[in-house]
Amino acid sequence: MTKQHYAIIDIGSNTMRLVIYEKNKSNRLKEIENVKASTRLRTFLEEDNTLNQDGIDLLINTLKSFQEVLATYTLQDTICAATAAIRQAENKEEIETQIVQKTGLNIRIFSEAEEAYYGYLAVVHSTSIEEGVTVDIGGGSTEVTYFQNRELKDSHSFPFGALTLKDFFQNPVPTTQELKKLRSYLKKQFATLPWLENKDVKLVAIGGSARNMAQIHQNLESYPLAGLHEYQMSQKDIVEVSNYLTSLKPNKLAKVDGLTKDRADIIIPAIEVFHCLFQTVEAQSLVLSRKGLRDGVLYEHLALETDAPLYPDVLQESIQELINDYNLNKKHIEHVQKLASQLFDFCKENGLIHADKQDRELLNMSSLLFNLGEYIDSESSPQHTFYLLANRTIDGLEHQERLKLALVASYKNKTVFKQFIEPYKSWFLKEERHKLLDLGSLLKFTYCLDATKRQVVEEVSFQLQKNSLLIRVYTNANAMPEAYQAEKQKKHVEKAIRKDVELEFHTW
């Protein structure tokens, strides 16, 4: 398959960014180039709201530098999008004319409604959240949306952003009085939208300021997992970051781990937006989305281009992407999934394990990715499986869910399981840890029933006896390798169900 590349240039009020994506075999987009320029075009707006020539020249020179990067790729399409700084400029037509004359690029200036919509679209394309409020703080505007059953219900664009809100402060680190004044202003602004109040849903934060806040918190907490997408923060966590930053001296602020230098003077007002909105919504938690406007634009573009569904099953597509990336044997993993589900259902129905619908879904997902680490090295497959799944962004899974998947799909034995879970022990109750151990045990045993990846096992049946479980295995060919491995690994099931396991193999 010929690699297909798409580019999008995002002209924001604070930064300009060029991102190049590669479409993979699963038709999902992988970011392969990300070039950022801190232009702060908002600061070039005059009192009459025209962008002055210095600002236009900076914009054009930045676009030319991006074009040098674009020239190294064969692109399916290039989209050049502009948001608040250009939208709010009185001389936007003149800006467009100069850009076309000097770069040949046609820019699309998003309306307030479009900017909000594409942020929402990015969230429903990269998470499994059914209902929530999104917030995207730019330099000159802040977009909020409310979606329910993954459908957009309401949206609004406020005419303030991180750059304009910093005018509430005389210095990067504000006084208590300045903070109080900003909070009062934000609460009044959010109160103008009744549909934001008391929603009791997740608040999904988009954009660079949200990423910086999450990175700072991860560093403060010595967070053990990699990745920002779908990282969750409570109101207490937001306050912790705010208190930490406002306690610093201005010269220390720019050196904070996780905070990019160009956001040092705007991060505190941005965090106040998140905090005030969190309180207005009475949010369950704040969830960071690494996918934003740029991604939303491309999702729509590809859906129109390929006639694909605009609202896909995000998690299913992510799992398929992993299957493709690691060249997993589809017949084998689907066979293991079927056998594992049969064993799980019998054990659950007969009270041998305590599990629910979510556990079955986790087992099904883990079955498809079990021993994925063999792609790197068969001898240390569990270690590689755990690391790859625990530290890779999987759209549709929050961090704790991703960790559960990694623990079950990498199961080798109880000792290794304890080693993997040790840094995250506090994340789970004792009962949850036992459940994950049981799921891994069932999967480890089931995997043995297709040890040679020939699908020789056609059917299994179970008979519960007084002190044991009899498993009859029916095969369509000689299954000596499967019988040997199953006999060797049945101890894992025995520990999970607290009964002896007897195996009978029959060839049809």
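Numbering (this note's numbering), first residue to last: 11 to 518. All C-beta atoms, glycine included, are put in the ideal place defined by N, C-alpha and C. Note that the coordinates shown come from a computational prediction; the quantities given were computed from them, not determined experimentally.
Whole-angstrom distance between residue j and residue i, CA atom to CA atom
i: Y397; j: L382; result: 10 Å
i: N423; j: S451; result: 8 Å
i: Y373; j: D164; result: As written in the sequence, residue 373 is Leu, which differs from the Tyr given in the question. Cα-Cα distance, rounded: 37 Å.
i: L173; j: H409; result: 31 Å
i: Q289; j: T462; result: 56 Å
i: R370; j: R38; result: 26 Å
i: K102; j: G22; result: 14 Å
i: L189; j: I281; result: 11 Å
i: C357; j: V211; result: 35 Å
i: T88; j: L55; result: 27 Å
i: G65; j: I105; result: 10 Å
i: Q393; j: K271; result: 36 Å
i: S136; j: S299; result: 8 Å
i: R97; j: F179; result: 26 Å
i: E43; j: I30; result: 5 Å
i: K262; j: D275; result: 12 Å
i: T84; j: Q77; result: 12 Å
i: K40; j: G361; result: 44 Å
i: F380; j: L353; result: 16 Å
i: G148; j: L175; result: 11 Å
i: K112; j: T25; result: 20 Å
i: D58; j: A99; result: 9 Å
i: K198; j: A215; result: 20 Å
i: V470; j: E441; result: 29 Å
i: Q475; j: D267; result: 60 Å
i: H516; j: F472; result: 14 Å
i: E141; j: R160; result: 6 Å
i: L413; j: N62; result: 51 Å
i: E411; j: S436; result: 14 Å
i: S121; j: E310; result: 16 Å
Three-state secondary structure assigned by DSSP to residue i
i: T425; result: helix
i: N181; result: coil
i: T84; result: coil
i: G129; result: helix
i: V251; result: helix
i: R118; result: strand
i: H516; result: strand
i: E389; result: coil
i: L231; result: Just to set this straight, residue 231 is Glu in the shown sequence, not Leu. The answer is coil: DSSP assigns E231 none of H, G, I, E or B.
i: H364; result: coil
i: K259; result: coil
i: F380; result: coil
i: L203; result: coil
i: T107; result: helix
i: E100; result: coil
i: S138; result: coil
i: T403; result: coil
i: E408; result: coil
i: N374; result: helix
i: G237; result: coil
i: S420; result: coil
i: G171; result: coil
i: A123; result: helix
i: A350; result: helix
CB contact flag (residue i, residue j, <7 Å)
i: A487; j: L513; result: no
i: K33; j: Q14; result: yes
i: Q499; j: H345; result: no
i: L415; j: L446; result: no
i: L287; j: G129; result: no
i: N401; j: A236; result: yes
i: L213; j: A92; result: no
i: L9; j: T49; result: For the chain, the structure presents residues 11 to 518; residue 9 sits outside this window and is missing.
i: V511; j: L459; result: no
i: L399; j: I343; result: no
i: I386; j: S328; result: no
i: V45; j: V79; result: yes
i: Y421; j: K454; result: yes
i: V143; j: Y127; result: no
i: G306; j: S138; result: no
i: N181; j: P260; result: yes
Cross-strand partners of residue i (DSSP beta bridge)
i: M223; result: In the DSSP output, where bridge partners are listed per residue, M223 has none listed.
i: L213; result: V143 and L296
i: V154; result: V145 and H166
i: M243; result: L296
i: E161; result: Q158
is_contact[residue i, chain B] using C-beta, thresh 7 Å
i: L449; result: Among the protein chains of the structure shown there is no chain B, as only one such chain exists.
- Curious, which full-length alpha helix (DSSP H) runs of at least 4 residues does the region 438-513 contain? Positions of the alpha helix (DSSP H) runs, each at least 4 residues long and wholly inside the region 438-513, are given as 440-458 and 490-507 in order along the chain.
- request: Let me know the alpha helix (DSSP H) ranges lying completely inside the region 11-98, each 4 residues or longer, listed in chain order.
  value: Unbroken alpha helix (DSSP H) stretches of 4 residues or longer found wholly inside the region 11-98: 63-80 and 94-97, given in chain order.
Which ranges does the alpha helix (DSSP H) cover as unbroken runs of at least 4 residues, wholly within the region 266-348, from first to last along the chain? Correct list: 277-291, 303-316 and 324-335.
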